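Chemist: Numbering (the numbering used here), first residue to last: 26 to 263. For each residue, glycine too, the CB sits at the ideal point set by N, CA and C. Model, not experiment: these values are computed from the prediction.
(1) Helix, strand or coil: how does DSSP classify residue 155 here?
(2) Within its chain, find whatever has a CB closer than 8 Å to the CB of residue 33; leave out the 5 residues flanking it on each side and keep chain order.
(3) Going straight from the alpha carbon of residue 52 to that of residue 198, what length do you get?
(4) State the Cα-Cα distance for the pair residue 26 and residue 66, rounded to the nearest angstrom.
(5) Could you check whether the segment 110–129 touches the segment 148–157, counting it as contact only if at least three pairs of C-beta atoms, one from each stretch, sit closer than 8 Å?
(6) Tell whether a beta-carbon distance below 8 Å holds between residue 207 and residue 170.
(7) Rank 106, 227, 63, 222 by C-alpha distance to the C-alpha of residue 243 and give the top, closest one.
(8) Give me the Cα-Cα distance between residue 102 and residue 186, rounded to the nearest whole angstrom.
(9) For residue 80, which residues in the same chain have their Cβ closer than 7 Å to its Cβ, ignoring the five residues on either side in sequence?
(10) Contact check, residue 167 vs residue 216 under 8 Å by CB: the rounded distance?
(11) I need the boundaries of the beta strand (DSSP E) containing residue 139, first residue and last residue.
(12) Would you list the residues sitting across from residue 124 in a DSSP beta bridge?
(13) So what's residue 237 in DSSP terms, helix, strand or just coil?
(14) With DSSP collapsed to three states, give me the class of residue 105.
(15) Does the beta-carbon of residue 220 have 16 or more other beta-carbons within 10 angstroms, so that it is buried, or is it exposed?
(16) Go through its chain and collect everything with a Cβ distance to residue 253's Cβ below 6 Å, but skip five positions before and after it.
(17) Using alpha carbons as the reference points, say which of 246, 227, 235, 248 lies closest to residue 258.
(18) For residue 255, is the beta carbon positioned less than 7 Å from some heavy atom of the ligand SAH?
(19) Which of the three DSSP states is assigned to residue 71 in this structure?
And the structure:
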């Protein structure tokens, strides 16, 4: 199978959020990232990993797939004790940044500032959106990527694709109508290949997953998701 250029970010794609799970801290973060890299190479798909911030540089040095920071603060470098300016994660080797995840929410103005700051320093931005009614506002902020993630489903194993399919479809439609160039994703409860396939059928261009990093069969599950994404993408004629 032809190997995808590891730095290419294009749909369909999978973002693996390591969160702060003990199974993906320190050396384990590197192990999980290498397994994700193996799947990306074997299946020819874009896989992005988002390790804990303290492990960001370590992971970025060890793999060639894109690495995203889980968060940045909407600030300039300087006297900012405890803050994380975009320049810091850029220097650590990040390609992009997740913003406004349900577990690390930001105010609307702070999202806008953070998106603009990421663009200034050459980082891609992914903004998560918890509610359908906010999708329009979030997309208009101009992030490179957008993810619809109902927080009540995160980590439950109950996928947004089966629990809120119409909301998901509408969110993807809103995003692509407003900004056709945006990469529109979804997450929350996505835990198997079928969930990934259904997400793409409903209009998503990829998924965010997290809980799978806790599984002993992480690589096998990620491979199943990758193949499902590619099949669904091909069936849609892309």
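Modeler: By the coordinates alone:
(1) In the chain shown, counting from the first residue as 1, residue 155 sits at position 130. Looking at residue 155 - three-state DSSP - the assignment turns out to be coil, as it is neither helix nor strand.
(2) The count along the chain shown starts at 1 and reaches residue 33 at position 8. Excluding positions up to five away in sequence, the list reads 71.
(3) Within the chain shown, numbered from 1, the residue matching residue 52 stands at position 27. Within the chain shown, numbered from 1, the residue matching residue 198 stands at position 173. Spanning the two alpha carbons is a distance of roughly 40 Å.
(4) Within the chain shown, numbered from 1, the residue matching residue 26 stands at position 1. Within the chain shown, numbered from 1, the residue matching residue 66 stands at position 41. Legend: pLDDT at residue 26 = 28, less than 50; position of this residue unreliable, no value from coordinates given.
(5) yes
(6) Counting from one through the chain shown, the residue named residue 207 turns up at place 182. Counting from one through the chain shown, the residue named residue 170 turns up at place 145. Yes, they are a contact pair.
(7) In the chain shown, the residue the question calls residue 243 occupies position 218. When each option's Cα is compared against that of residue 243, the closest is 63.
(8) The sequence position of residue 102 within the chain shown is 77, counting from 1. The sequence position of residue 186 within the chain shown is 161, counting from 1. Between residue 102 and residue 186, the C-alpha separation is close to 40 Å.
(9) Looking up residue 80 in the chain shown gives position 55. 50, 51, 54, listed in sequence order.
(10) Here residue 167 corresponds to residue number 142 of the chain shown, with the count starting at 1. Here residue 216 corresponds to residue number 191 of the chain shown, with the count starting at 1. About 31 Å separates the two Cβ atoms, so there is no contact after all.
(11) The count along the chain shown starts at 1 and reaches residue 139 at position 114. Taken as a continuous stretch (DSSP letters only), residue 139 belongs to no beta strand (DSSP E), being part of the alpha helix (DSSP H) at 133–146.
(12) Numbered from its first residue, the chain shown carries residue 124 at position 99. Note: residue 124 sits in a beta bridge opposite 152.
(13) Taking the chain shown and counting its residues from 1, one reaches residue 237 at position 212. Reduced to three states, the DSSP call for residue 237 is helix.
(14) Locating residue 105 in the chain shown gives position 80, where the first residue counts as 1. Three-state result, residue 105: coil.
(15) Residue 220 sits at position 195 when you count from the first residue of the chain shown. So residue 220 counts as buried.
(16) The residue given as residue 253 occupies position 228 in the chain shown. Around residue 253: 218, 221, 222.
(17) Reading the chain shown from its first residue, position 233 is the one you call residue 258. Looking at the Cα atoms, 227 is the closest of the given residues.
(18) Among the components modelled here there is no ligand, and therefore nothing to report on the ligand SAH.
(19) Taking the first residue of the chain shown as position 1, residue 71 is located at position 46. In the structure shown, residue 71 sits in a strand (DSSP, three-state: E or B).
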